[in-house]
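Going by full-length UniProt numbering, the residue at position 238 of the sequence shown is 238; the numbering climbs one at a time, nothing skipped. C-beta: ideal position from N, C-alpha, C; glycine also.
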Amino acid sequence: MMPADTSVVNNDALHPCDPASVNEQNDAKETKKIHLYYVSLSHQQEPRPEKKITSQETLKLYYHRLSFGTCVISPTNQAALCKAKWIAFDSMTPGELNGWEKLVCHLLERTEHVNPVQGNGTQTGGMMWADGWRKSSDPGQLVGRFRSLPKMKDAILRAQYNPVSEAAGIQEASDFISFQLQNFAPGVFDSTRQLLINGNYPSMAHMEYPAPYTANDFASFLMFTMYNFFNQPHQDRDVNLWTLVIWIPIFSPKTCAEDDPILADEGFDMMGGQFTFQEFQVYLDLEDFCGVTLCVFKSNSVTHQTLRGNEPVAQMPAAGQQKQIDNAHMAIEKDKLK
């Protein structure tokens, strides 16, 4: 992990100075108003501190639910801590849908070249992968890309590994994620990009280090999860203050056929899997939502947790799987809502 240096990050990037003016802001793309949810002082505490894993019962009794539109969460008289947006598949253009499908396919393909993350202290279930650059453990090497040498060797022997094609795929995926952040939180993108450049960190799109930056570079790596991933309440310890998380409902790669749909736009029946902020008694609800959910939040100072999810309909074992793309370092996770 790179040393924590947050001097260039504006901690008040989402500070809602005037509730009326915030409510009048329009989403640049959908011309829909942003909903501002203020957390009262009485709700700025964990309601069941003795319970490490938040239960569904606790959510119903104490927590406020956010599940649609564009929302900003802000404690009373404090800077905002989160911005979230739910984008339904049926509201997307064919090109937008294709972009998300290609991103999912790219990440699934990356599991053929990188091993699942082992020893993540907060992970309780599911699987997680990391892709991009991280501090190297090899002597004399500052940074290195996440790779599984046995998997790469096997792919090369099967003539399924092409470094040029791999580089193009990584660049395209990195640009796509960058565009999402630029449109969703441009101030966050600007600050994270500046942090990347000032720190002379490699971009996750770079295949070599050092290398010139492009206009879309802003992060060093990303992490993605599948198979009902959930974890314990925690705060991150990274270079940047903010993290971008994207949830994409997909049909399980373990059970679907090659000609099955990629995005779970029909029959999505996952229960649970909410993303919670315990100390503010509020959560993002992902149940039954057929679309992509974007979120940027203060990962280094706000306790957060992904709850266990499951799919209750036996005849549709694939429905309910979600892919969570988040950058646990300075990758997608240097954000500054605006």
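{"Item": "Helix, strand or coil at Cys295 [DSSP, three-state]", "Value": "strand"}
{"Item": "For Trp242, three-class secondary structure by DSSP", "Value": "coil"}
{"Item": "Spatially closest choice to Met223 from Leu108, Asn200 and Glu208, by CA coordinates", "Value": "Leu108"}
{"Item": "Thr225 versus Thr58: straight-line alpha-carbon distance, rounded", "Value": "25 angstroms"}
{"Item": "Buried or exposed by the 16-neighbour rule on C-beta atoms within 10 Å, applied to Asn240", "Value": "buried"}
{"Item": "For His304, the three-state DSSP class (helix, strand or coil)", "Value": "strand"}
{"Item": "DSSP-derived helix/strand/coil call for Val39", "Value": "strand"}
{"Item": "Run of the alpha helix (DSSP H) containing Ala167, from where it starts to where it stops", "Value": "Pro163 to Phe184"}
{"Item": "Closest Cα partner of Asn198 within the set Phe184, Leu61, His206 and Ala219", "Value": "Ala219"}
{"Item": "Stretch-stretch touch, CB-based, cutoff 8 angstroms, three pairs: the segment 204 to 220 with the segment 185 to 194", "Value": "yes"}
{"Item": "Whole-angstrom distance between Phe289 and His304, CA atom to CA atom", "Value": "21 angstroms"}
{"Item": "Sufficient close CB pairs (3 or more, under 8 angstroms) joining the segment 37 to 57 to the segment 76 to 93", "Value": "yes"}
{"Item": "Contact set for Asp265: own chain, Cβ-Cβ below 7 angstroms, skip 5 residues either direction", "Value": "Phe89 and Cys290"}
{"Item": "For Asp131, the residue or residues it bridges with in DSSP", "Value": "Leu222"}
{"Item": "Buried or exposed (CB count within 10 angstroms, at least 16 for buried), Lys83", "Value": "buried"}
{"Item": "Leu284 versus Gln274 - alpha carbon distance", "Value": "6 angstroms"}
{"Item": "Contact the segment 197 to 214 vs the segment 160 to 175: 3+ CB pairs below 8 angstroms", "Value": "yes"}
{"Item": "DSSP bridge partner residues for Glu276 (one or two, in chain order)", "Value": "In the sequence as displayed, the identity of residue 276 is Thr instead of Glu. Tyr283 and Gln305."}
{"Item": "Within 8 angstroms, strictly: CB atoms of Asp260 and Phe251", "Value": "yes"}
{"Item": "Val72, buried or exposed, once every other Cβ within 10 Å from all chains shown has been counted against 16", "Value": "buried"}
{"Item": "Beta carbon of Pro253 nearer than 8 angstroms to that of Leu263", "Value": "no"}
{"Item": "Tyr38 versus Thr214: straight-line alpha-carbon distance, rounded", "Value": "38 angstroms"}
{"Item": "Those residues which DSSP pairs with Gln123 across a bridge", "Value": "Asn231"}
{"Item": "Continuous alpha helix (DSSP H) stretch holding Thr58: start and end", "Value": "Gln56 to Tyr62"}
{"Item": "Residues bridged to Ala211 [DSSP beta-bridge criterion]", "Value": "Answer by DSSP bridge pairing: none, since Ala211 is not bridged."}
{"Item": "Proximity of Leu244 and Leu181 at Cβ, strictly below 8 angstroms", "Value": "yes"}
{"Item": "Three-state secondary structure assigned by DSSP to Pro94", "Value": "helix"}
{"Item": "Residue closest to Met271, alpha-carbon to alpha-carbon, out of Phe230, Arg110 and Val104", "Value": "Phe230"}
{"Item": "Continuous beta strand (DSSP E) stretch holding Val72: start and end", "Value": "Thr70 to Pro75"}
{"Item": "Option in Leu36, Thr54, Lys51 and Gly95 with minimal Cα separation from Leu66", "Value": "Leu36"}
{"Item": "Same chain, Cβ closer than 6 angstroms to Met127, five either side skipped, listed in chain order", "Value": "Pro116, Met226 and Tyr227"}
{"Item": "Pair within 8 angstroms by beta-carbon distance, Ile53 and Gln232", "Value": "yes"}
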